[in-house]
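*Asks:*
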Amino acid sequence: MSAFSQSSQVTTTYRWIVFGIVVGLIFLGPLLLQFTDSSIQELKSVSQEAPQEPFDTSTFLLVFIAMAAGFPAIGIGTYLLYQGNQFRVAPPFPSLGSRVMVDTPIMKSSSARMRGHALMVGGSLVILSGLGLPILAWWLAENL
32 MSAFSQSSQV TTTYRWIVFG IVVGLIFLGP LLLQFTDSSI QELKSVSQEA
82 PQEPFDTSTF LLVFIAMAAG FPAIGIGTYL LYQGNQFRVA PPFPSLGSRV
132 MVDTPIMKSS SARMRGHALM VGGSLVILSG LGLPILAWWL AENL
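Count along the sequence shown starting at 1, add 31, and that's the number in my numbering.
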């Protein structure tokens, strides 16, 4: 099978996939519009009531989204902190036996320790930002 006929076959497959997606969206579009319209009607009834309840709900959602955004930052910061500690304790950087993409010069003692300390400081800052994001979102929602 030549490369051209294989490319043509892949193109035909992708055309059918795109056609299926468009047909699916055409059929799901009215359902989405109906759902959106019912949600708008519910919001209209809520907007007639006291504004404190929707405000509390939106504050809760904002803090929840900030927490969800902060959790990966805590994980990434913990990993950076761990790696920095490894570089600080075992000075050759990159570690002996670790896989690298290209020939990397091995740093010894002071430069590797300095890189380890910098990585630990960076990891700590990322952890603090992940923890501080929900607190900042709550403070902004309550005070602004």
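Quick reminder that beta carbons are idealized off the backbone N, C-alpha and C, glycines included.
With 16 as the cutoff for other CB atoms within 10 Å, does PHE118 come out buried or exposed?
*Replies:* buried
*Asks:* Rounded to whole angstroms, what is the Cα-Cα separation between PHE102 and THR88?
*Replies:* 21 Å
*Asks:* In angstroms, rounded to a whole number, what distance separates the CA positions of GLY106 and SER160?
*Replies:* 12 Å
*Asks:* May I ask you to report which of helix, strand or coil DSSP gives ALA121?
*Replies:* In the structure shown, the three-state DSSP call for ALA121 is coil.
*Asks:* Do you know how far the Cα of ASP68 is from the Cα of TRP47?
*Replies:* 32 Å
*Asks:* Is LEU111 near LEU150, with beta carbons less than 9 Å apart?
*Replies:* Contact: yes.
*Asks:* Leaving out the 5 sequence neighbours to the left and right, which residues in its chain are closer than 7 Å to GLN114 when beta-carbon positions are compared?
*Replies:* LEU150
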